[in-house]
Amino acid sequence: MNSVNKKLIIRIGLALLIMGIIFYSSSQPYSKQNIQPLISEKLELPDPIVSLLSEIEFTYAGNIISVETKGIPGIIEFFIRKGAHFSIYFALAVAVASVLHIWMKRKPLKLAALTMLFVFLYACSDEWHQSFNGERTPLFQDVMIDTVGGMFGMVIFLWWSRRRARKTY
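Following the working numbering, the numbering of the sequence shown begins with 235 at its first residue and continues without gaps.
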């Protein structure tokens, strides 16, 4: 097996692993993922941080997100969960782009378009998958966070691959 095939197999494996993690996570009921008790028990925030968090208030998916509505553990968990959405789809975009990069040398716009289409459709399928779990709520807003995470991953991948290509020549 040549080195290109080995790289391709490893990259496909990484993409499948990330997809598996996403699938597994959305299969879990919220009660198994709730980290608010852990936050309440283990995290003692200084007053300035509590004051800062108390100033946050916005609407997400028709719900007001604030310390008043969610409590300190709830708002921290909210940001952790949305950060996880962003991060895992960032990683998925990099993994998918690295697979496509092997097949599409020197076609960055096509690579970016196909990667982002894949990320968006996988995010949609993930939210649809969550609809089968009674404790989970499928949200298009989460698809948007996932897609933005994927876009950032795509931009970083294109920057990195372009920079690496310059060093090769």
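From the three backbone atoms N, C-alpha and C, an ideal C-beta is built for every residue, glycine too. All of these numbers come straight from a predicted model, not from anything done at the bench.
Contacts around Ser321, its chain only, beta-carbon distance under 7 angstroms, and the 5 residues preceding and following it disregarded: Here residue 321 is taken as the residue at index 87 of the sequence shown, counted from 1. Cβ within range, chain order: Gly383.
Inter-residue CB distance, Val389 and Arg245 (contact presumed, cutoff 8 angstroms): The count along the sequence shown starts at 1 and reaches residue 389 at position 155. The count along the sequence shown starts at 1 and reaches residue 245 at position 11. Contact between Val389 and Arg245 is absent: CB atoms are separated by about 19 angstroms, not below the 8 angstroms threshold.
8 angstroms Cβ shell around Ile336 - same chain, five flanking residues per side excluded: The count along the sequence shown starts at 1 and reaches residue 336 at position 102. Excluding its 5 nearest sequence neighbours in each direction, Ile336 has C-beta neighbours in its own chain below 8 angstroms: Val238, Lys241, Leu242 and Arg245, listed in chain order.
8 angstroms contact criterion, which Tyr356 and Leu326 should meet: CB distance rounded: Locating residue 356 in the sequence shown gives position 122, counting from the first residue. Locating residue 326 in the sequence shown gives position 92, counting from the first residue. Indeed, because the Cβ distance is near 7 angstroms, the residues count as touching under 8 angstroms.
Cβ-Cβ distance between Ala329 and Leu248 below 8 angstroms: For this step, residue 329 is matched to residue 95 along the sequence shown. For this step, residue 248 is matched to residue 14 along the sequence shown. Yes. Within cutoff.
For Ser300, the three-state DSSP class (helix, strand or coil): Position 66 of the sequence shown holds residue 300. Of the three classes helix, strand and coil, the one that applies to Ser300 here is strand, per DSSP.
Candidates Gly296, Val301 and Lys266: closest to Ser285 by CA position: Taking the first residue of the sequence shown as position 1, residue 285 is located at position 51. Nearest C-alpha to Ser285: Val301.
Boundaries (first-last residue) of the alpha helix (DSSP H) holding Arg361: Taking the first residue of the sequence shown as position 1, residue 361 is located at position 127. Inspection of the sequence shows that residue 361 is occupied by Glu rather than by Arg. Run containing Glu361: Pro342 to Gln364, per the alpha helix (DSSP H) assignment.
Span of the alpha helix (DSSP H), counted from its first residue to its last, around Glu278: Mapped onto the sequence shown, residue 278 falls at position 44. Here Glu278 belongs to no alpha helix (DSSP H), and DSSP marks it neither H nor E.
Test: Asn268 CB closer than 8 angstroms to a CB of chain B: Protein chains in the displayed structure number just one, and chain B is not present.
Neighbourhood of Leu345 by C-beta, 7 angstroms cutoff - its chain only, sequence neighbours within 5 removed: Counting from one through the sequence shown, the residue named residue 345 turns up at place 111. Excluding positions up to five away in sequence, the list reads Ala331, Leu334, His335 and Met338.
Alpha-carbon to alpha-carbon, Ser365 and Ile256: Here residue 256 refers to the residue found at position 22 when the sequence shown is read from its first residue. Here residue 365 refers to the residue found at position 131 when the sequence shown is read from its first residue. Whole-angstrom Cα-Cα distance: 14 angstroms.
Pair within 8 angstroms by beta-carbon distance, Leu287 and Ile309: For the purposes of this step, residue 287 is taken as residue 53 along the sequence shown, with counting starting at 1. For the purposes of this step, residue 309 is taken as residue 75 along the sequence shown, with counting starting at 1. Contact annotation: Leu287 and Ile309 have beta-carbon atoms nearer than 8 angstroms.
Counterpart residues of Ala292 in DSSP-defined beta bridges: The residue you call residue 292 lines up with position 58 of the sequence shown. A quick correction: the sequence has Phe, not Ala, at residue 292. Bridge partners of Phe292 according to DSSP: Ile299.
Exposed unless 16 or more other CB atoms sit within 10 angstroms - verdict on Ile290: Translated into positions along the sequence shown, residue 290 becomes position 56. By the beta-carbon neighbour count (other beta carbons within 10 angstroms, threshold 16), Ile290 is exposed.
Cβ neighbours of Ser265 in the same chain (closer than 8 angstroms, five flanking residues each side left out): By one-based count along the sequence shown, residue 265 stands at place 31. Same-chain partners within the cutoff: Glu369.
Among Tyr323, Gly317, Ile273 and Leu373, the one whose alpha carbon lies nearest that of Pro307: Here residue 307 is taken as the residue at index 73 of the sequence shown, counted from 1. Checking every option, the nearest Cα to that of Pro307 belongs to Ile273.
Length of the line joining the Cα atoms of Met253 and Phe292: Along the sequence shown, one-based indexing puts residue 253 at 19. Along the sequence shown, one-based indexing puts residue 292 at 58. Taking the straight line from one Cα to the other gives about 30 angstroms.
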